[in-house]
Structure formats: structure tokens, C-alpha cells
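If you want it as C-alpha cells, here you go:
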């Protein structure tokens with residue numbers, strides 16, 4: 029008794045390190061694209077998901093910093109067809 033709460037180890041406290049951040053979302057394949065976007069931004073508020081593409085559409089490459097975006101590829105019914113990844 030009388031002990032204070034210990035702080036977490038330094039490694040656990042630094043979740044902002046690039047190696048600790050989620051970079052792909054295989055679990056959202058089959059989801060509606062908008063719901064997938066909500067899940068991705070919930071997991072990684074530092075990335076954006078403004079780009080949705082239908083399967084077979086040419087992807088543009090002039091979006092700026094790839095480490096800040098996730099492209100969602102969907103098929104008929106706006107269902108995610110490929111695993112979204114950062115970059």
C-alpha cells in the first residue's frame with residue numbers, strides 16, 4: 029500500500045514511432061468503403077483516406093506525401109476489394 033502507479037516502460041509509451049503504427053487493414057476487405065475509412069482514421073488519425081477508386085481505375089500518383097494517405101479500392105456496391113495500405 030502507499031505505492032504510486034508506475035508509468036509504462038518507455039518503449040510502450042512511444043506509440044508514435046513509425047514502427048509501432050498500423051500500416052495495413054486486411055480486416056476491412058469486404059466492408060463498405062466509408063466504414064473502412066472510419067476504421068482506418070480511428071486507428072491512424074495521422075493519415076487521410078480521401079481517395080476511393082473502383083477496381084480497374086488508374087491511380088494518380090501526384091498526391092504529395094504518401095506516408096499520410098491510404099487509398100481504398102472498391103468494387104460494385106462500394107465494397108472494399110483490396111487491403112488498404114499506407115502509401
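Numbering (the working numbering), first residue to last: 29 to 115. We put the beta carbon where it would ideally sit given N, CA and C, even for glycine.
Closest by C-alpha distance to residue i, when choosing among the options
| i | options | result |
| --- | --- | --- |
| residue 106 | 97, 69, 56 | 56 |
CB contact below 7 Å: residue i versus chain B
| i | result |
| --- | --- |
| residue 66 | Absence of chain B from the displayed structure is noted, only one protein chain being present. |
For residue j and residue i, the rounded distance between their alpha carbons
| i | j | result |
| --- | --- | --- |
| residue 97 | residue 52 | 11 Å |
| residue 58 | residue 67 | 13 Å |
| residue 82 | residue 50 | 24 Å |
| residue 36 | residue 84 | With a pLDDT of 39 at residue 36, under the threshold of 50, the predicted position of this residue should be treated as unreliable, though the coordinate-derived value follows. Near 46 Å, if we compare the C-alpha coordinates of residue 84 and residue 36. |
| residue 69 | residue 110 | 17 Å |
| residue 116 | residue 63 | Since the displayed the chain opens at 29 and closes at 115, residue 116 lies outside it and no answer follows. |
| residue 48 | residue 73 | 14 Å |
Same chain, Cβ closer than 8 Å to residue i, neighbours up to 5 away in sequence not counted
| i | result |
| --- | --- |
| residue 61 | 80, 100, 102, 106, 107, 108 |
| residue 71 | 50, 53 |
Inter-residue CB distance, residue i and residue j (contact presumed, cutoff 8 Å)
| i | j | result |
| --- | --- | --- |
| residue 113 | residue 75 | Actually they do not touch by this definition, with Cβ atoms about 10 Å apart. |
| residue 65 | residue 77 | 4 Å |
Same chain only: Cβ atoms within 6 Å of residue i, ignoring 5 sequence neighbours per side
| i | result |
| --- | --- |
| residue 104 | none |
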